[in-house]
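> Numbering (the working numbering), first residue to last: 24 to 469.
Think of the CB as a built atom: it goes at the ideal place given N, C-alpha and C, for glycine as much as any other residue.
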Amino acid sequence: MYMGEVVKKVLLALTDGEALRLLKFKLSKEDYYILLASSGERTLELVETEKPDLIILDSSLPGRDSREVCRYIRRRPNLSQTLIILLIAFGEALRFREGLERGADDYILKPFNLEDVTARVKAFMRRHNREGKQSPLIDLPGHALVKKEIKRRIDWEEKFALCSLTFDHFRAYNEVYGFDFGDRAIQQLGSILTQVKQEIGPKEFYLGHMRADNFIVLLNPDYAEPYCQEAIRLFEDLRPELFPQGDLKRGYIVATDKTGRMRRFSLMALSIGVVTPELCSFEDVQEALDAGLWALHKAKARGGSNYYLRRDGPMGLMDARNDVESKKILVVDNDTISVRVLKSKLEREGFAVRTATTGQEAVEIVKADPPDLIFLDDSKPRLDAYKTVSSLKKDARTATIPLVMLTAHIDREKDLAVGADDYLVKPCSFKYLMRKVEQHLNRPES
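(1) Any beta carbon from chain D within less than 8 Å of residue 332's own beta carbon?
(2) Near residue 375, which residues of its chain fall below 6 Å by C-beta distance, leaving aside the five closest residues on each side in sequence?
(3) Tell me the DSSP secondary structure of residue 25 in three-state form.
(4) Can you grab the Cα-Cα spacing for the pair residue 359 / residue 448, in whole Å?
(5) Have a look at the DSSP bridge pairing and note the partners of residue 240.
(6) Exposed or buried, which one is residue 53 when buried takes at least 16 other CB atoms within 10 Å?
(7) Is residue 275 buried or exposed, if buried means 16 or more other CB atoms sit within 10 Å of its CB?
(8) How many whole angstroms separate the CB atoms of residue 464 and residue 396, which I take to be in contact at a CB cut-off of 8 Å?
(9) Quick check on residue 106: does DSSP put it in helix, strand or coil?
(10) Using 8 Å as the Cβ pair cut-off and three pairs as the minimum, do the segment 414–423 and the segment 374–391 touch?
(11) Look up residue 127 in the DSSP assignment and say whether it is helix, strand or coil.
(12) Quick one: grab the DSSP three-state call for residue 287.
(13) Excluding five sequence neighbours on each side, which residues of the same chain lie with their C-beta closer than 6 Å to the C-beta of residue 368?
(14) Run through DSSP, which three-state label would residue 276 get?
(15) Is residue 201 helix, strand or coil by DSSP?
(16) Going straight from the alpha carbon of residue 228 to that of residue 46, what length do you get?
(17) Hey, residue 407 and residue 427 are a contact pair by Cβ (cut 8 Å); roughly how many whole angstroms apart?
(18) Measuring CB to CB, does residue 92 end up less than 8 Å from residue 72?
(19) Quick one: give me the first and last residue of the alpha helix (DSSP H) that residue 55 is part of.
(20) By Cβ distance, which residues of its chain are closer than 8 Å to residue 255, with the 5 residues on each side in sequence left out?
(21) Using a threshold of 8 Å, state whether the C-beta atoms of residue 216 and residue 199 are closer than that.
(22) Check residue 308 in the structure and name its three-state DSSP category.
(23) Tell me the DSSP bridge mates of residue 329?
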């Protein structure tokens, strides 16, 4: 990133030092930001931390080989937009054509022509930009158009519900049955969501495909619950087409988890998170999407095909403050200035605020005098945020206390996966933070 301009990132994962030097020189002249790796392990590290737009991947990479790298990337929803071009020896071409390397988007034979590689990269980047406007898998608007529509509704102060839909255990499904079956499941879900619209006829309906198995539906709040119920009913009717009879009868499949261990997974289910705000209660597009993601994780926690509907009723912060004298908030951060400012602002709103500068101190405070809400910064090593969350959520005495992560990470879902109830992206406005406070101190039982 330079001066706010989005620069495309290209990761070169090659074993040939001379080829690496030439490609870096050539692509840098095309204004791409270049990342370098010489092993499979380093490639995956950069993929997680840098989220490149495109990877040129040598098929003979040492360590974790190219197939393993491809599979890892394709099984992670937050990396689904990453493009992969394989560099392969001539004798390998046939087996790649036959689809043995399902994770790559294309391949180039070695030795390669520098101009050809550059042209191929530029072509793929153009495709990458277009896919944000129209989903390449199904005939639906892509993530860029979805965000544009959400912004339009916010700007025009339209009253709408946002539904975020995704499969449970989709990675395991892809691993067991293959990506072709996964793509077909996504297409069938898109058809179901369109069919429900035709049957129920919700007004001001908008359906978009964000990425992988994630869809967004915008519609009149009055239709949100019946829409979810009908979508789940149709998905359950579709199950016999998605699974072999034996797996249906057994009720589970066996696949590798995130640690690489084999374990049982429940059959793929459909989860829907719904937020139905009052007029213009979302400040921006990201806040709307974050709220949908929060509700989606609530739905997933219920297990099976399910939905979670969050209604932000007319009660706002002023009404909620009638009882704030008894509300205690713990802020866990070792940035002295930030903590002092936040503590002062929250106390002016009438909250009792305590602070902690280490994870251990936070756990001790929570167990001695449980707060009503916890804000925890996940970026400071001394805080050991994930260990702290795990400790609090495993203890029955503290597990139900809402915990909100303060994060600057792109991979925000990780915070929710380790046990946090919600997250707040830094930097953010105090008004947005107060919406989170109100949301969790007045949250309905799930």
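Looking at the coordinates:
(1) The structure shown contains no chain D; it is built from a single protein chain.
(2) As a working note, residue 375 is residue 352 in the sequence shown. Cβ neighbours of residue 375 beyond the five flanking positions: 351.
(3) For this step, residue 25 is matched to residue 2 along the sequence shown. In this prediction, residue 25 has a pLDDT of 38, which is less than 50 and means its spatial position is unreliable; what the coordinates show is noted afterwards. Looking at residue 25 - three-state DSSP - the assignment turns out to be strand.
(4) Taking the first residue of the sequence shown as 1, we reach residue 359 at position 336. Taking the first residue of the sequence shown as 1, we reach residue 448 at position 425. Taking the straight line joining both Cα atoms gives about 19 Å.
(5) The residue labelled residue 240 in the question sits at position 217 within the sequence shown. Its beta-bridge partners are 186 and 230.
(6) As a working note, residue 53 is residue 30 in the sequence shown. By the neighbour-count rule (16 or more Cβ atoms within 10 Å), residue 53 is not buried but exposed.
(7) Numbered from 1 along the sequence shown, position 252 holds the residue referred to as residue 275. Its Cβ having fewer than 16 others within 10 Å, residue 275 is exposed.
(8) On the sequence shown, position 441 is the one that residue 464 refers to. On the sequence shown, position 373 is the one that residue 396 refers to. With a Cβ gap of about 6 Å, residue 464 and residue 396 count as contacting.
(9) Residue numbering aside, residue 106 sits at position 83 when the sequence shown is read from its first letter. In this structure, residue 106 counts as strand in the three-state DSSP scheme.
(10) yes
(11) By 1-based counting over the sequence shown, the position of residue 127 is 104. It is coil, neither helix nor strand.
(12) Indexing the sequence shown from 1 puts residue 287 at position 264. In the three-state reduction of the DSSP assignment, residue 287 falls in the strand class, which pools E and B.
(13) Your numbering for residue 368 matches position 345 in the sequence shown. Closer than 6 Å at the Cβ level, and outside the excluded window around residue 368, lie 453.
(14) Taking the first residue of the sequence shown as 1, we reach residue 276 at position 253. Of the three classes helix, strand and coil, the one that applies to residue 276 here is strand, per DSSP.
(15) Position 178 of the sequence shown, counting from 1, holds the residue named residue 201. Reduced to three states, the DSSP call for residue 201 is coil.
(16) Here residue 228 refers to the residue found at position 205 of the sequence shown. Here residue 46 refers to the residue found at position 23 of the sequence shown. If you take the alpha carbons of residue 228 and residue 46, they lie about 46 Å apart.
(17) Start at 1 with the first residue of the sequence shown, and residue 407 comes out as number 384. Start at 1 with the first residue of the sequence shown, and residue 427 comes out as number 404. That belief does not hold up - the Cβ atoms of residue 407 and residue 427 are roughly 17 Å apart, past 8 Å.
(18) Numbered from its first residue, the sequence shown carries residue 92 at position 69. Numbered from its first residue, the sequence shown carries residue 72 at position 49. Their beta carbons are not under 8 Å apart, which means residue 92 does not touch residue 72 by this criterion.
(19) Position 32 of the sequence shown holds residue 55. Neither: residue 55 is in no alpha helix (DSSP H) and is coded neither H nor E.
(20) In the sequence shown, counting from the first residue as 1, residue 255 sits at position 232. The answer, listed in chain order, is 293, 295, 328, 329 and 330.
(21) By 1-based counting over the sequence shown, the position of residue 216 is 193. By 1-based counting over the sequence shown, the position of residue 199 is 176. Contact flag unset, no.
(22) The sequence position of residue 308 within the sequence shown is 285, counting from 1. Correct three-state label for residue 308: helix.
(23) By one-based count along the sequence shown, residue 329 stands at place 306. Residue 329 is bridged to 294.
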